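Chemist: Residue numbers (this note's numbering): 0 to 392.
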Amino acid sequence: MDFQLSDEQKRIVETVDEMGRKEFAAQASRWDENHEYPWENIELLREANILGMTIPTEYGGQGRPLIDAILAIETAAKYCGVTARIIVETNMGALGCVMAFGTDEQRKLVAHRILDQGDKPAIAMTEPEAGTALTDLQTRADKKGNTYVINGTKHWITGGGVSVTNLIFVRFFDDAKELGIGGILVDRGAPGFTFGRVEKALGLRGIPETELIFKDCEVPEENVVVPGDGSEGFKNLMYGYNGQRVGASAVALGIAQGAHNLAIDWMKKRKAFGRSISEFQGLQWMMAEAEMELNAARLLIYKAACNARDLPNNVKLPYMDESSMAKAYTGHASFKVVSDSLQMFGAYGYSQDMPLERMLRDVRMFQIGGGTTQAQLNMIARSVFRRKFDLRK
Ligand SMILES: Cc1cc2nc3c(=O)[nH]c(=O)nc-3n(C[C@H](O)[C@H](O)[C@H](O)COP(=O)(O)OP(=O)(O)OC[C@H]3O[C@@H](n4cnc5c(N)ncnc54)[C@H](O)[C@@H]3O)c2cc1C
0 MDFQLSDEQK RIVETVDEMG RKEFAAQASR WDENHEYPWE NIELLREANI
50 LGMTIPTEYG GQGRPLIDAI LAIETAAKYC GVTARIIVET NMGALGCVMA
100 FGTDEQRKLV AHRILDQGDK PAIAMTEPEA GTALTDLQTR ADKKGNTYVI
150 NGTKHWITGG GVSVTNLIFV RFFDDAKELG IGGILVDRGA PGFTFGRVEK
200 ALGLRGIPET ELIFKDCEVP EENVVVPGDG SEGFKNLMYG YNGQRVGASA
250 VALGIAQGAH NLAIDWMKKR KAFGRSISEF QGLQWMMAEA EMELNAARLL
300 IYKAACNARD LPNNVKLPYM DESSMAKAYT GHASFKVVSD SLQMFGAYGY
350 SQDMPLERML RDVRMFQIGG GTTQAQLNMI ARSVFRRKFD LRK
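#1: Report the residue ranges of all alpha helix (DSSP H) runs contained in full by the region 348-390; include only those spanning at least 4 residues, in chain order.
#2: Looking only at DSSP bridge pairs, what is Tyr147 linked to?
#3: Smallest Cα separation from Ala374: which of Val336, Ala325 and Phe344?
#4: Put Ser340 into one of helix, strand or coil per three-state DSSP.
#5: According to DSSP, is Gly330 part of a helix, a strand, or is it coil?
#6: If you drop the 5 nearest sequence neighbours on each side, which residues of the same chain put their C-beta closer than 6 Å to that of Tyr262?
#7: Between Gln375 and ligand 3, is the CB less than 7 Å from at least one heavy atom?
#8: Just to confirm before moving on: does the CB-CB distance between Thr164 and Gly151 stay below 8 Å?
#9: Using DSSP bridges, identify the partner residues of Glu7.
#10: Using DSSP with H/G/I as helix, E/B as strand and the rest coil, what is Lys199?
#11: If you measure between the beta carbons of Ser338 and Met378, is that distance less than 8 Å?
#12: Check whether the Cβ of Glu208 lies closer than 7 Å to any heavy atom of ligand 1, and answer yes or no.
#13: Report the option in Gly330, Arg106 and Glu128 whose CA atom is closest to the CA atom of Asn312.
#14: Taking Ala121 as the reference, which of Gly179, Leu184 and Glu220 has the closest Cα?
#15: Let me check understanding here. Comparing Cα to Cα, which of Lys176, Asn40 and Ala296 lies closest to Gln256?
#16: Using 7 Å as the cut-off, classify the Cβ of Trp30 as near or not near the heavy atoms of ligand 1, replying yes or no.
#17: Quick one: what's Thr89 bridged to in DSSP?
#18: With respect to the beta strand (DSSP E) encompassing Ala403, which residues constitute its N-terminal and C-terminal limits?
#19: Quick one: give me the first and last residue of the beta strand (DSSP E) that Phe233 is part of.
#20: Any heavy atom of ligand 1 within a distance shorter than 7 Å of the CB on Thr157?
#21: Give a single yes or no on whether Ala121 has its beta carbon closer than 7 Å to a heavy atom of ligand 1.
#22: Which residue's Cα is closest to the Cα of Val161: Ala132, Glu210, Glu356 and Glu46?
#23: Between which residues of its own chain and Gly462 is the CB-CB distance below 7 Å, once the five residues before and five after are set aside?
#24: Going by the C-beta, is Leu203 closer than 7 Å to any heavy atom of ligand 1?
#25: How big is the Cα-Cα spacing for Thr372 and Ala68?
#26: If we count the other Cβ atoms within 10 Å of its Cβ and call it buried at 16 or more, is Pro317 buried or exposed?
#27: Quick one: give me the first and last residue of the beta strand (DSSP E) that Arg308 is part of.
#28: Measuring only the C-alpha atoms, how far is Ala346 from Thr157?
#29: Tell me whether Gly182 sits in a helix, a strand or coil according to DSSP, three-state version.
#30: Using 8 Å as the Cβ pair cut-off and three pairs as the minimum, do the region 381-390 and the region 243-251 touch?
#31: Could you check where the alpha helix (DSSP H) with Lys107 kicks off and where it finishes?
#32: Quick one, are the C-beta atoms of Ala123 and Lys153 less than 8 Å apart?
#33: Which class does Asn48 belong to by DSSP, given the choice of helix, strand or coil?
#34: Please classify Thr134 as buried or exposed, where buried requires at least 16 neighbouring CB atoms within 10 angstroms.
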C-alpha cells in the first residue's frame with residue numbers, strides 16, 4: 000500500500016491549486032451572488048485538460064484513473080465548490096454510464112462535447128414523487144417505430160438548461176408492456192423537451208437546479224444508453240452512478256479542507272485576551288478533530304476511487320458500499336468541519352464579506368444530493384447484513 004502521489008498526480012494537484020488560488024477563489028462569490036454559471040473557469044479547466052481527463056484515449060481523452068480526477072476535484076473545491084462539481088460531472092455521472100453501457104457513437108459524441116465544447120452532461124433521475132424511492136419514477140419512454148416518445152417531469156436536475164447532454168432515467172414501454180427502468184439521452188433543444196422551475200437553492204448557486212419537462216419528446220432509439228432490461232437496467236445505471244457519489248464526496252472534502260485552511264491562517268493572526276486564539280486548547284482540539292475527520296474522509300474517498308472495479312468497456316467505477324461509505328461519512332464530517340471553521344472567525348465568519356458562510360451553505364448539499372445520508376446508510380446496511388431489505392414492507 001502506497002499513499003504517495005505520483006509525479007504526474009502532483010502536477011495535476013499543483014496545476015489545479017494554482018488555478019484555484021489565482022482564478023477560482025476570487026470569482027466564487029460572483030457565481031453565488033449572481034447565480035451565474037462559471038463558463039470562464041470551465042474554459043480554463045478544459046484548456047488544462049482537467050475536464051474529461053478520465054475519458055479513454057480512443058475517444059480523445061487521457062484515460063486517467065478515477066483517483067486523478069478526485070485529486071483535481073478536491074483541490075478545486077478548496078476554492079470554489081461549483082467549479083469542482085463541474086469537474087465531477089465531466090469525469091463521472093452520466094459520462095460513467097455512457098462509457099460503460101453506451102454505444103460507440105454515444106461515447107464519441109459525449110466525449111467530443113466535453114473535451115471540445117466544455118459540456119457538462121446532466122443526469123436526471125429525481126422526480127417530484129420519486130427521490131430516495133427512485134424506482135417509483137414515472138417518466139416513460141414508449142417505443143414508436145424506430146423512436147421513443149418521452150413523457151414526464153424531472154426536478155432538481157443539476158445543470159438543467161445549461162447541459163447539452165442529458166441522461167434521463169425512464170420506464171421503457173413497448174406497446175402496453177413495461178420493459179423496466181433504463182436510461183436514454185436527450186439533447187437540449189429536442190422538440191418536446193423544455194425547462195420549468197429553477198430552484199432557489201441554499202447553496203452551490205452557480206449551477207442551475209431545474210425541472211426538465213418532456214411532452215411527447217421523440218428521440219431516436221439510438222439514444223438508448225441502458226435499455227429497460229428488467230431489474231438489470233436500473234442496476235447498471237446505479238453502478239454507473241457510483242463514480243458520481245465519490246466525486247461529490249471529494250467536492251465536500253475540498254470545501255471543508257479549504258475552510259479549515261482559512262481557519263488555521265486566521266487563528267494564527269486573531270488575538271483575544273492578548274494572545275493568538277490558536278493558543279486556546281479548546282479551539283486547538285476542535286481543529287485537531289477536524290484534521291482527523293478530513294483525513295478519515297480522504298482515506299474513504301481515495302480507497303473507493305482506487306478500488307474501482309471493471310464495468311463493461313474497461314470502465315472502472317467504485318463499488319456501491321465503498322462509495323456510500325465515502326459519501327455518508329464525508330457529507331456529515333465536512334459540514335461539521337466547515338461549521339467549526341466558521342466558528343473560529345466569530346462574527347466575521349457569519350458575514351458575506353468572508354467565504355465561510357457560502358462554504359457552509361454549499362457543503363450542506365452533500366448530505367442530500369446524489370442520494371441522502373440515510374439512503375447511503377441503507378446501502379451500507381445491505382452490505383453489512385449481505386441482504387437487500389425490502390423498504391416497501
Ligand atoms: C443541490 C441538489 C442537486 C441535485 N442534483 C440532482 C441531479 O442532478 N439529478 C437528480 O436526479 N437528482 C438531483 N438531486 C435530487 C436528489 O438526488 C434528491 O433530492 C435525493 O435523492 C433525495 O430525494 P428527495 O429530495 O425526494 O427526498 P425524499 O426521498 O423525499 O426523502 C426525505 C427524507 O426521508 C429520508 N428517507 C427516505 N427514504 C428513507 C429510508 N428508506 N430510510 C431512511 N430515511 C429515508 C431521506 O433521507 C430524507 O431525509 C439534487 C438535489 C439537490 C439538493
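For every residue, glycine included, the Cβ atom is placed at its ideal position computed from N, Cα and C.
All of these numbers come straight from a predicted model, not from anything done at the bench.
Modeler: This is what the structure gives:
#1: When DSSP assignments are scanned along the region 348-390, the uninterrupted stretches of alpha helix (DSSP H) that are 4 or more residues long and fall wholly within it turn out to be 355-363 and 372-384.
#2: DSSP, once it has assigned bridges, lists Lys142 and Val218 as partnering Tyr147.
#3: Here the closest residue by C-alpha is Ala325.
#4: For Ser340, the secondary structure class from DSSP, reduced to helix, strand or coil, is helix.
#5: Here Gly330 carries a helix assignment [DSSP, helix/strand/coil].
#6: Looking at the sequence provided, one finds Ala at residue 262 rather than Tyr. In its chain, beyond the 5 residues on either side, Ser340 and Met343 have a beta carbon closer than 6 Å to the beta carbon of Ala262.
#7: Ligands present in the displayed structure are limited to ligand 1, and ligand 3 is not among them.
#8: Inclusion of Thr164 and Gly151 in the CB contact set at 8 Å is not warranted, their separation being larger than that value.
#9: Looking at the DSSP assignment, Glu7 forms no beta bridge with any residue, so it has no partner.
#10: Correct three-state label for Lys199: coil.
#11: In this structure, Met378 does not lie closer than 8 Å to Ser338 by Cβ.
#12: If you check the C-beta of Glu208 against ligand 1, you find a heavy atom less than 7 Å away.
#13: Ranking Gly330, Arg106 and Glu128 by Cα distance to Asn312 puts Arg106 first.
#14: Distances from the alpha-carbon of Ala121 to those of Gly179, Leu184 and Glu220 put Leu184 closest.
#15: Considering only Lys176, Asn40 and Ala296, the residue with the shortest C-alpha distance to Gln256 is Ala296.
#16: Checking the Cβ of Trp30 against ligand 1 gives no.
#17: Thr89 pairs with nothing; no bridge assigned.
#18: Shown here, the chain extends from 0 to 392; a query on residue 403 therefore has no answer.
#19: Premise fails: Phe233 lies in the alpha helix (DSSP H), Ser230 to Lys268, not in any beta strand (DSSP E).
#20: The answer is yes for Thr157.
#21: For ligand 1, at least one heavy atom lies less than 7 Å from the Cβ of Ala121.
#22: It is Glu210.
#23: Residue numbering for the chain in the displayed model covers 0 to 392; residue 462 lies beyond these limits and cannot be assessed.
#24: Under cutoff, so the answer is yes.
#25: When rounded, the distance between both Cα atoms is 23 Å.
#26: Counting other Cβ atoms within 10 Å of its Cβ, Pro317 reaches 16 or more and is therefore classed as buried.
#27: Its beta strand (DSSP E) spans residues Arg308 to Leu310.
#28: When rounded, the distance between both Cα atoms is 32 Å.
#29: DSSP places Gly182 in strand when its eight states are reduced to three.
#30: Counting Cβ pairs under 8 Å, fewer than three are found: no touch.
#31: Looking at the DSSP string, the run of the alpha helix (DSSP H) that includes Lys107 is Asp103 to Gln116.
#32: For Ala123 and Lys153, yes; Cβs fall inside 8 Å.
#33: Asn48: coil per DSSP, three-state reduction.
#34: The residue in question, Thr134, is exposed, as its Cβ has fewer than 16 Cβ neighbours within 10 Å.
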